[in-house]
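>
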Amino acid sequence: MKILENLTKINRRYIFLLVALAVIIPLIVPMKLPTIPGKYTVKLYGFIDKIPPQSQPILIAADYSPSMMPELQPMLEAVIRHCFAKGIRVVIMTLDPNGAALSEEALKKIAPEYGAVNGRDYAFLGFKPGSSIVMMSIGENFRQAFPTDFYGTPLDSLPMMNGIRNYADVPLVLSIAGSAITQGWIAYAHTRYHANVGAGCTAVSTADYYPFLQAGQLVGLLNGMKGASEYEYLNKKNGYSSAAPVATKGMNAVSIVHLLLMLFIILGNIGYLVTRHNQSKK
Amino acid sequence: MSTNIWVWIAALLSLAIFSYLYKDNPAFRFAEHLFTGLSVGYFIVLYWNNYTLPYIVTPLVNHRWITLIPMALGMMYFFRFIPKLNHLILIPIAISLGFWNGMSIPLTFEADVLKQIQGTMVNTSMLTNIWDPQKGLMVGLLVMVGVISTITYFYFSREHKGPIKVTANVGIWFVMIGFGATFGYTVMARVSLLIARMQFLFTDWIHLIK
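Sequence lines, in order, name chains A and B.
Take -4 as the starting number for the first sequence in the numbering used here and just add one per residue.
Take 49 as the starting number for the second sequence in the numbering used here and just add one per residue.
#1: Drop a sphere of 10 angstroms on the beta-carbon of A/Arg76, count the other beta-carbons inside from all chains shown, and report buried for 16 or more, exposed for fewer.
#2: With the cut-off set at 8 Å, would you say B/Val223 and B/Tyr201 are in Cβ contact?
#3: Any C-beta of chain B within less than 8 Å: which residues of the stretch 215 to 228 of chain A qualify?
#4: Please name the residue in A/Pro25, A/Ala190, A/Asn6, A/Met88 whose C-alpha comes closest to that of A/Ala163.
#5: My guess is that A/Tyr35 and A/Ile171 are in contact by the Cβ rule of under 8 Å, so how many angstroms apart are they, rounded?
#6: Distance check for A/Gly125 and B/Asn134, CA to CA, integer angstroms please.
#7: The alpha helix (DSSP H) with B/Ile130 in it runs from where to where?
#8: Which residues of chain A have a Cβ atom closer than 9 Å to the Cβ of B/Ser152, listed in chain order?
#9: With distances taken Cα to Cα, identify the nearest neighbour of A/Ala17 among A/Thr89, A/Ile176, A/Leu217, A/His253.
#10: Along the stretch 99 to 117 of chain B, where does the CB come closer than 8 Å to a CB of chain A? Name the residues.
#11: Quick check on A/Ser62: buried or exposed, where buried means 16 or more other Cβ atoms within 10 Å of its Cβ?
#12: For the stretch 57 to 121 of chain A, which segments carrying the beta strand (DSSP E) assignment without a break, of at least 3 residues, lie completely within its bounds, in sequence order?
#13: Using the C-alpha atoms, what's the distance from A/Asn218 back to B/Gly210?
#14: If contact means a Cβ-Cβ distance below 7 Å, which residues of the stretch 237 to 253 of chain B contact chain A?
#15: Measure from the alpha carbon of A/Met70 to the alpha carbon of each residue in A/Ile260, A/Leu258, A/Tyr267, A/Gly245, then state which is nearest.
#16: Closer than 7 Å, Cβ to Cβ, to anything on chain B: give me those residues from the stretch 11 to 38 of chain A, in chain order.
#17: Mind checking the stretch 86 to 120 of chain A against chain B and listing, in chain order, the residues whose C-beta falls within less than 9 Å of any C-beta there?
#18: Any beta carbon from chain A within less than 8 Å of B/Val191's own beta carbon?
#19: Is DSSP giving A/Leu167 helix, strand or coil here?
#20: Between the stretch 227 to 241 of chain A and the stretch 256 to 271 of chain A, do at least 3 Cβ pairs fall closer than 8 Å?
#21: Across which residues does DSSP place A/Thr143 in a beta bridge pair?
#22: Which residues does DSSP list as the beta-bridge partners of B/Ser185?
#23: Would you check if there are 3 or more beta carbon pairs closer than 8 Å linking the stretch 144 to 155 of chain A to the stretch 100 to 107 of chain A?
#24: Can you find a CB in chain B that lies within less than 8 Å of the CB of A/Leu254?
#25: Count the other C-beta atoms from every protein chain shown that fall within 10 angstroms of the C-beta of B/Ser87, then say buried if there are 16 or more, exposed otherwise.
#26: What are the residues of the stretch 50 to 62 of chain A that lie near chain B, defined by any Cβ-Cβ distance shorter than 7 Å?
#27: Tell me which residue opens and which closes the alpha helix (DSSP H) that B/Ala79 is part of.
#28: Indicate whether A/Val85 and A/Tyr109 have their beta-carbon atoms separated by less than 8 Å.
#29: So is A/Met26 buried or exposed if we call it buried at 16+ other beta carbons inside 10 Å?
#30: What residues are listed by DSSP as bridge partners for A/Leu54?
#31: Taking the alpha-carbon of A/Arg115 as reference, which of A/Leu90, A/Asp144, A/Gln139 has the nearest alpha-carbon?
#32: Could you give the DSSP three-state label for A/Leu28: helix, strand or coil?
#33: Between B/Met192 and A/Gly193, what straight-line distance do the alpha-carbon atoms span, to the nearest angstrom?
#34: Going by DSSP, what residues sit across from B/Leu175 in a beta bridge?
#35: Which class does A/Leu217 belong to by DSSP, given the choice of helix, strand or coil?
#36: Under 8 Å Cβ-Cβ, which residues of chain B neighbour A/Thr201?
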């Protein structure tokens, strides 16, 4: 009983150490835990997969900063790989000033792998301040918000932007964000302009978006590193990508840490109940 | 091991931050202050390049004098530091509040309230596939019971006794399950950040992982 009572008094440094080991060991020692794609990842993947090649582009809003990079960058890269492999055109923009460098980095890394060309297969619009004003402007015309792309080329000079005016010409708006900005895309792009909106978010904000899925306001959702790993799995399964699955490697460690934390929670509760029982006896 | 000096600096600073988990120490405080200072410097440059330069300086250089109006409104926020003219700060606040509320209230109300209420309603289309995990009748009923009981739990205008107490107690369970899901996802998010740092240390720095 003394041992059980002491469970609530373990020095937190031992817990930190165990968590560190639970992260490091799965990274060093390769594990092959199964990846089972979630329903909402499959829905988003299927939606993108059905877009005809070399037709209207999807709009990706990469609205995140480096602090959210571990979860959202693999997600963006997996979606870009899927699109390039299928010949689906991509327009990337950001409403976060930090997002421009991150999304450009992803494009510069992946475009050569698939022979994708700027202006023909993808357009990079860069950053624009104003969040909801930009979302509303795109509803009227892309050129109102972005007269030129990130490199200063007028949008009309980009072959893939011919005939692409507003949300009516993009089959999907994918908001990859670590903040509530996705709710802005739902309110302005979906509610006002009836665009199909999909989301990729950090795990912290995932629970906030389930009501939007339930109400049919989102076509699909990628949740944190898990969503990114599921997308990587689907890409690999369909032969769209041979790149190292960054998020999948991380998910092995996430699974082990989750098991460890569940054990801590159970032990902590046992210790608490035993302590309370002993105190009530006294 | 990496031969890149910047990788070494990043790795040593990461270790300095992690050292706080053992106890507070000068290495951690150095890294913390360095991060704060660098962040301020980074954001000043970022905002100058992305906001001030393209939307104020460049238009003014090109004689687009209309830029002076929003610029003046923005500058009025600095009246906060002049006690005698302090009240003038209300002008830009009133303009921005009026503009944003007018633009966002109708759409946000529709997206966050009306559509959400619609999403909790049970309708006849749910009868076609009762057990469908997204659109089936059982899920519809579960959502409806969850919403009503949770709202009842937060209804404080009457004492919680009798049927209200029973419903509120059911609501507590839904709230707890919601908190549990949020906590689980929060753990996943935080662990993901730790994993990324470990991947950097073991891949980019000491090359232990290929």
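All C-beta atoms in this analysis are idealised placements derived from N, C-alpha and C, irrespective of residue type, glycine included.
According to the structure data:
#1: As a working note, residue 76 of chain A is residue 81 in the first sequence. By the 10 Å Cβ count, A/Arg76 comes out buried.
#2: Here the question's residue 223 of chain B lines up with position 175 in the second sequence. Here the question's residue 201 of chain B lines up with position 153 in the second sequence. Yes. Within cutoff.
#3: Asn218, Gly219, Met220, Lys221
#4: Sequence index remark: in the first sequence, residue 163 of chain A carries index 168 (1-based). Nearest option by C-alpha distance: A/Ala190.
#5: As a first step, residue 35 of chain A must be located in the first sequence, where it is residue number 40. As a first step, residue 171 of chain A must be located in the first sequence, where it is residue number 176. So it is not a contact: roughly 14 Å between Cβ atoms.
#6: For the purposes of this step, residue 134 of chain B is taken as residue 86 along the second sequence, with counting starting at 1. For the purposes of this step, residue 125 of chain A is taken as residue 130 along the first sequence, with counting starting at 1. Between B/Asn134 and A/Gly125, the C-alpha separation is close to 27 Å.
#7: Looking up residue 130 of chain B in the second sequence gives position 82. Segment: none, B/Ile130 is in no alpha helix (DSSP H) and carries neither H nor E.
#8: By 1-based counting over the second sequence, the position of residue 152 of chain B is 104. Within 9 Å Cβ-Cβ: Ser127, Gly179, Ala182, Tyr183.
#9: One-based indexing of the first sequence puts residue 17 of chain A at position 22. Closest by alpha carbon: A/His253.
#10: Tyr99, Tyr103
#11: Taking the first sequence and counting its residues from 1, one reaches residue 62 of chain A at position 67. The residue in question, A/Ser62, is exposed, as its Cβ has fewer than 16 Cβ neighbours within 10 Å.
#12: 85 to 89
#13: For the purposes of this step, residue 210 of chain B is taken as residue 162 along the second sequence, with counting starting at 1. For the purposes of this step, residue 218 of chain A is taken as residue 223 along the first sequence, with counting starting at 1. One C-alpha to the other measures close to 40 Å.
#14: Ala237, Val239, Ser240, Leu241, Leu242, Ile243, Ala244, Met246, Gln247, Phe250
#15: Along the first sequence, read from residue 1 onward, the residue named residue 70 of chain A stands at position 75. Comparing Cα positions, the closest option is A/Gly245.
#16: Phe11, Val18, Ile19, Leu22, Ile23
#17: Pro92, Asn93, Ala95
#18: In the second sequence, counting from the first residue as 1, residue 191 of chain B sits at position 143. So yes, B/Val191 belongs to the interface.
#19: Your numbering for residue 167 of chain A matches position 172 in the first sequence. Looking at A/Leu167 - three-state DSSP - the assignment turns out to be coil, as it is neither helix nor strand.
#20: no
#21: Mapped onto the first sequence, residue 143 of chain A falls at position 148. Answer by DSSP bridge pairing, in chain order: A/Pro149.
#22: Position 137 of the second sequence, counted from the start, is the residue given in the question as residue 185 of chain B. A quick correction: the sequence has Leu, not Ser, at residue 185 of chain B. For B/Leu185, which the question treats as bridged, DSSP gives no partner whatsoever.
#23: no
#24: As a first step, residue 254 of chain A must be located in the first sequence, where it is residue number 259. Output row for A/Leu254: interface = no.
#25: Locating residue 87 of chain B in the second sequence gives position 39, counting from the first residue. B/Ser87 should be labelled exposed.
#26: none
#27: On the second sequence, position 31 is the one that residue 79 of chain B refers to. Run containing B/Ala79: 74 to 95, per the alpha helix (DSSP H) assignment.
#28: Working through the first sequence from its first residue, we reach residue 85 of chain A at position 90. Working through the first sequence from its first residue, we reach residue 109 of chain A at position 114. No, the pair does not count as a contact, with Cβ atoms beyond the cut-off.
#29: Looking up residue 26 of chain A in the first sequence gives position 31. Flag for A/Met26 reads exposed.
#30: On the first sequence, position 59 is the one that residue 54 of chain A refers to. Paired residue(s): A/Val86, A/Val168.
#31: Within the first sequence, the letter at position 120 stands for residue 115 of chain A. The residue with the shortest Cα to Cα distance from A/Arg115 is A/Asp144.
#32: For the purposes of this step, residue 28 of chain A is identified with residue 33 of the first sequence, where counting begins at 1. If DSSP states are grouped into helix, strand and coil, A/Leu28 belongs with coil.
#33: Looking up residue 192 of chain B in the second sequence gives position 144. Looking up residue 193 of chain A in the first sequence gives position 198. So the two alpha carbons sit approximately 25 Å from each other.
#34: As a first step, residue 175 of chain B must be located in the second sequence, where it is residue number 127. Answer is none; B/Leu175 lacks a bridge partner.
#35: Within the first sequence, numbered from 1, the residue matching residue 217 of chain A stands at position 222. Looking at A/Leu217 - three-state DSSP - the assignment turns out to be strand.
#36: The count along the first sequence starts at 1 and reaches residue 201 of chain A at position 206. Simply Tyr233.
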